[in-house]
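Colleague: Those sequence lines, one after another, are chains P and X. Sequential numbering from 1 applies to the first sequence in the UniProt record's numbering. Sequential numbering from 1 applies to the second sequence in the UniProt record's numbering. First the structure, which I've put down as structure tokens, then a few questions once you've had a look.
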Amino acid sequence: MEKEYLKQTGRIFDIQRFSIHDGPGIRTIVFLKGCALRCKWCCNPESQSYEIQTMIQNGNEKIIGRDVTVEEVMDEVRKDMPHYRRSQGGLTLSGGESLLQPQFASCLLQAAKDLGLNTALESTGFASYETIRDMILPWLDLYLMDIKHVDRAKHKLFTGQSNELILENAKKIAGSGQKLIIRVPVIPTFNDTPSEILEIAQFARSLKGVKQLHLLPYHRLGQDKYDGLGREYTLEHIEPPSNEHMEMLAGVARTTGLHVQVGG
Amino acid sequence: MKNYYDGDIARSPRIARLIEDLYDHLPVIEAERAVILTESYQETEGEPVIIRRGKAFEKICHELPITIRPGELVVGSNTKTARGCQVFPEYSFEWLEAEFDTVEKRSADPFYISDETKEQLHEVYKYWKGKTTSELATSYMAEETLRAMEHNIFTPGNYFYNGIGHFTVKYEEVLESGFEGIIEKAEKELHRLKVSDEDYQKRSSFLKAAIMSCQAAIDYAHRYALLAASEAEKCKDEVRKKELLQIAANCARVPGRPATSFYEACQSFWFVQMLLQTESSGHSISPGRFDQYMYPYYEADMKAGKITREFAQELMDCIWVKLNDLNKCRDAGSAEGFAGYSLFQNLIAGGQDAEGNDVTNDLSFMCIEASMHEQLPAPSLSVRVWNGTPDEFLIKAAKLTRTGIGLPAYYNDEVIIPAMMSRGVSLEDARTYNIIGCVEPQAHGKTDGWHDAAFFNMLRPLELVFSSGFELGEQVGPRTADIAGMKSFDEFYDAYKEQMEYFIGLMVNADNSIDVAHAERCPLPFQSSMIDDCIGRGKSLQEGGAVYNFTGPQGFGIANAADSLYAVKKLVFEDKKLTLEEFKEALDDNFGKGISPQRVEELTARIAEQLGRAGVQAGENEIAVIAKTVRETPVPAEKQEKYDRLLQWIDELPKYGNDIEWLDMFARDVAYTYTKPLEKYRNPRGGQYQAGLYPVSANVPLGAQTGATPDGRLANTPIADGVGPVQGKDVSGPTATANSVARLDHFIASNGTLFNQKFHPSALSGIEGLTKFVSLIRGFFDQKGMHMQFNVVSRETLLDAQAHPENYKTLVVRVAGYSALFTTLSRSLQDDIINRTMQTF
């Protein structure tokens, strides 16, 4: 019988195969378009708006965003079945924020589960908990959740949104028994001091069942895309943190007893 | 249960010193072998050729200078200086004489040659005029074959100018019974013969020559025993003195008698390996399953407490270094094609036994450890992978891959075993296969595989479709239909197939001519004494003495051919965006991107001819003026616009290598235009032809001889490497590329396929990175890919090495089926390696 959810449509801006840093094994990442946050360091600025956009890339115009069915996405995802099978990998949803297209995200996860794939979601948790609980968690193996800052004001300043909903959801998701890894983009001038990282780590430690913390060093690889979209990149003056600094922060975070790694 | 040790073993400080000594000078060409050989030939005029070969080998073993290099534990060198090379005038010599003054300065694989050596060789060469295998082979070739070779459709250069090589002998037999045992076996055969037998003359001559050669090898080792003993006497260093005395004892025993320890087995192995490369100049003389035939000696010594794992490792490391001491000087053209001073001595670890059990053991791991310690191109280390291969072994192999030396190469038992069986190899022999040279599977000790018999450029017949087989004033290929009248893609494709089949036939003619020449002029009794069933049949390998006989020439350019044929199909016949004539014009004009020297020559010839017809005789000056005009005449702007538009259309087409199933299946069909017609041919040794699909590194020099192609490839630029996609056209990541490549029929290409992938070192970081890397290999192999190898070195490193070669004297990269020193490669090949799409995790 034809599965109804295969017909569900949604808006994506990229599918990236052979990803190995966003969940176990060899994975395919589907990037959903649209996000509620506007993080100043975002390396995928084209992911933020839900609208289909034109971006200049290498001097050529490129249309960003397309509407696709779950079936179309899965046709691409299933191409790497032999590699998922050997590596116990699967599908990761990323964005943007997948939770802004909950129906679509839900259907993608269900379709992946139907193929026996491992599923992961890279998300900041910015949605009502009911949505997450009812539409995502039943088909999710691993939640990779971004916690960018514990301080409300600073969070709002750098991401455009307050962090209350995010922190609240983190507690609830952890409480549900969902396997959860906390990820922190380490951004100089925003959250790269030992005390800020420690605070986030302590919060992560307080979440039920959370054992792992990933510190993701800031990079500038997305900078050109801001130009391509005719937007200003406001962090131009910021240098990526050194390896030594990252290791120092990881050391601080490890005092909580969490397993901490630099990079995904 | 684990029955192997998979931990790390420390490197002895000795190894660093040995490596340093190896690379502190430019390799030298030495004349002794050529001089001794020639003297021997002058003494044996009129005797049967096999006897002459035996006597020459004997004289070489008795008279070639011997030397023990400082600090060596395993001895035997066929040149006075490390990495030197001897000369083999019996195969060909003109090229070296022509290169006397340039060989030191050439970009690929330079050699130093002294004036004295030049003089000696010059004298020797007087004798060889008219007596070489290459001259005889040429005289056997059909006129149209020679013409096709002149037009660079294929080149059998490898065996045309050198020995054949490409075999693995029964090392285990020498270890177990010594050459004395082999002599005994041959003598028994000899005594069984009756002088009245119809083949008595041939058989008895062969057996006598084999016995003579085996005895010569024993004598050679005894010379080393004496040298080591006398050096020991003079040695003031007590530690070294003891080592030399042990060496003397080893050489007194092996390879004449059975090895009684792991150390003796190492020494015995080495004499065999090194003398094989003194008897003939063939390369790819491959040690094969070293971890298997050496294991009984290691196991016995370990059990008896006679050896430590560390010392066993040190001995293996010494052998690894010595494999790099052997060298060979090729002509400048071949040196480009096989760049990196490589002898392709392929050594393989892991895999199954004849009953299908996994036999990964301590030594399998130690083989990888040795390459890790040594970080040099030889041996070409391979590992066998099947469903029963322990993950620990592949993780260990992946750690070596991560060091960036391009080793090991990974081979899929699940494809190779059935592929070999489809060629008549028994299940047992197929299960115990090893790899020869670059990627060629062989049943060891039983095969004369001729695995590298020619390079066949699949793009040249495509070019000839556009001109109905006519080129540079000659009808080179069949006169296929005029493109102007072609109504469908099938007509075009059929013309391509017709061109392919015609030239494949000519290539067979070339190979068989060379085959006969080797049998008649250079049968090799020493090599034949260690391959079944030469002694039983009383026949050298070259005359068909082996149990399995093959000829395996390789086609290359599948990716470009498939993308090109698809471009014609889609743009001309489906979308009707341009006509075939317009396409031809664009190709002739190299899409307006500068005209190739070959095309200048062609146009100049045509204009001169037209002038001639009009009654004007063009002299040299006039032709030079015409050539200059042709070269400098720009393409009109209007045409250029058309060409740019065409390139844009081509660029937008889907390309092979991106996991597009229907296109990959089309590429599979294109590969059949080479692999299928070839199968029906037989060689003079009674064996079958089987196709390989790989260009070694010839995709660069042979690309330079190829005009623009419909896939948008410009004239004289490199052709795609191996069975991989066109450089830079694989934009969907490594799994997509692997899936595409796996869609080719690897079973039919039983002479081997080659798939190169390049990774950034960060992709293999941590145990997780290694594990994911291993699953990528397993995932490719599940889909029945045959071979996979990796360049793991950053682009920045390569660019820096190009700019500062002095800092990267030992930087090894995977070229194509083998690893080479990056700085010794020609600039264009370096660029090609750098430009290959970087696959990152």
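For each residue, glycine too, the CB sits at the ideal point set by N, CA and C.
What ranges does the beta strand (DSSP E) occupy inside the region 140–207 of chain P, keeping only unbroken runs of at least 3 residues that lie completely in it?
Modeller: 142–146, 180–186
Colleague: Below 8 angstroms, how does it come out for the region 469–483 of chain X and the region 705–722 of chain X: are there three or more Cβ pairs, yes or no?
Modeller: no
Colleague: Counting only Cβ-Cβ distances shorter than 9 angstroms, please list the residues of the region 19–41 of chain P near chain X, keeping chain order.
Modeller: Ser19, Ile20, His21, Pro24, Gly25, Ile26, Thr28
Colleague: Going by Cα to Cα distance, which pick from X:Tyr295, X:Asn327, X:Ser342, X:Ser261 is closest to Ile307 (chain X)?
Modeller: X:Ser261
Colleague: Between the Cα of Glu144 (chain X) and those of X:Ile626, X:Asp291, X:Phe503, spot the shortest distance and give me the residue it belongs to.
Modeller: X:Phe503
Colleague: Can you give the beta carbon distance from Leu229 (chain P) to Met74 (chain P), rounded, assuming they're within the 8 angstroms contact cut?
Modeller: That pair is no contact at about 29 angstroms.
Colleague: Give the secondary structure of Ser19 (chain P) by DSSP, where H, G and I count as helix, E and B as strand, and everything else as coil.
Modeller: strand
Colleague: Assuming His259 (chain P) contacts Lys211 (chain P) (C-beta within less than 8 angstroms), just tell me the rounded distance between them.
Modeller: 6 angstroms
Colleague: Using the C-alpha atoms, what's the distance from Ala339 (chain X) back to Ala137 (chain X)?
Modeller: Ala137 (chain X) and Ala339 (chain X) have their C-alpha atoms some 25 angstroms from each other.
Colleague: Rank P:Val186, P:Met81, P:Tyr129 by C-alpha distance to the C-alpha of Ala736 (chain X) and give the top, closest one.
Modeller: P:Met81
Colleague: Using the Cα positions of Asp452 (chain X) and Phe154 (chain X), report the straight-line distance between them to the nearest angstrom.
Modeller: 12 angstroms
Colleague: Assuming Ala559 (chain X) contacts Pro701 (chain X) (C-beta within less than 8 angstroms), just tell me the rounded distance between them.
Modeller: In fact, because the Cβ distance is near 18 angstroms, the residues do not count as touching under 8 angstroms.
Colleague: Can at least three beta-carbon pairs, one atom from the region 418–438 of chain X and one from the region 392–403 of chain X, be found at a separation below 8 angstroms?
Modeller: no
Colleague: If the cut is a Cβ gap below 7 angstroms, which residues of chain X does Asp80 (chain P) touch?
Modeller: Thr735
Colleague: Identify whether Thr54 (chain P) lies in helix, strand or coil by the three-state DSSP scheme.
Modeller: Thr54 (chain P) falls in the strand class under three-state DSSP.
Colleague: For Trp662 (chain X), count the other beta carbons within 10 Å of its own beta carbon; 16 or more makes it buried, fewer makes it exposed. Which is it?
Modeller: Answer is exposed; the Cβ neighbour count stays below 16.
Colleague: Rounded to the nearest angstrom, what separates Tyr41 (chain X) and Glu279 (chain X) at their Cα positions?
Modeller: 14 angstroms
Colleague: May I ask you to list, following chain order, the residues of the region 84–97 of chain P that have a beta carbon less than 9 angstroms from some beta carbon of chain X?
Modeller: Hits within the stretch, in order: Tyr84, Arg85, Arg86, Ser87, Gln88, Gly89.
Colleague: Can you tell me which of the three DSSP states Phe93 (chain X) falls into?
Modeller: coil
Colleague: What did DSSP end up calling Ala816 (chain X) once you bin it into helix, strand or coil?
Modeller: For Ala816 (chain X), the predicted structure reports a pLDDT of 47, less than 50, and the residue's modelled location is therefore unreliable. The matter cannot be settled from this model.
Colleague: Starting from Lys62 (chain P), trace the beta strand (DSSP E) both ways and give me its first and last residue.
Modeller: 60–64
Colleague: Which word fits Asp490 (chain X), buried or exposed, when buried means at least 16 other C-beta atoms lie within 10 angstroms of its C-beta?
Modeller: exposed
Colleague: Cα separation between Val35 (chain X) and Val124 (chain X)?
Modeller: If you take the alpha carbons of Val35 (chain X) and Val124 (chain X), they lie about 6 angstroms apart.
Colleague: Taking 8 angstroms as the cut-off, decide whether the C-beta atoms of Thr706 (chain X) and Arg460 (chain X) are in contact.
Modeller: yes
Colleague: Should Lys185 (chain X) and Ile535 (chain X) be called a contact, given that it needs their Cβ atoms to be closer than 8 angstroms?
Modeller: yes
Colleague: Report the option in P:Asn169, P:Lys208, P:Ser162, P:Ile187 whose CA atom is closest to the CA atom of Ile238 (chain P).
Modeller: P:Ile187
Colleague: Taking only runs of the beta strand (DSSP E) that begin and end inside the region 103–130 of chain X, which ones reach a length of at least 3 residues, in chain order?
Modeller: none
Colleague: Please confirm if the region 118–129 of chain P is in contact with the region 140–150 of chain P, defined as three or more CB-CB distances below 8 angstroms between the two stretches.
Modeller: yes
Colleague: Which value, in whole angstroms, describes the spacing of the CA atoms of Leu226 (chain X) and Tyr295 (chain X)?
Modeller: 29 angstroms
Colleague: Compare the C-beta of Arg17 (chain P) against all C-beta atoms of chain X and say whether one is closer than 8 angstroms.
Modeller: Yes, its Cβ sits closer than 8 angstroms to a Cβ of chain X.
Colleague: By how many angstroms is the C-alpha of Glu196 (chain P) removed from the C-alpha of Trp139 (chain P)?
Modeller: 33 angstroms
Colleague: Would Lys772 (chain X) count as contacting chain P if we go by Cβ distances under 8 angstroms?
Modeller: Yes - at least one Cβ of chain P is within 8 angstroms of the one on Lys772 (chain X).
Colleague: Quick one: Cα of Arg521 (chain X) to Cα of Arg53 (chain X), how far?
Modeller: Near 9 angstroms, if we compare the C-alpha coordinates of Arg53 (chain X) and Arg521 (chain X).
Colleague: Jot down the residue ranges of each uninterrupted beta strand (DSSP E) in the region 550–630 of chain X, minimum 3 residues, whole runs only, in chain order.
Modeller: 554–556
Colleague: Consider the Cβ of Asp651 (chain X): report whether some Cβ of chain P lies at a distance smaller than 8 angstroms.
Modeller: Not a single CB atom of chain P sits nearer than 8 angstroms to the CB of Asp651 (chain X).
Colleague: Any beta carbon from chain P within less than 8 angstroms of Leu776 (chain X)'s own beta carbon?
Modeller: yes
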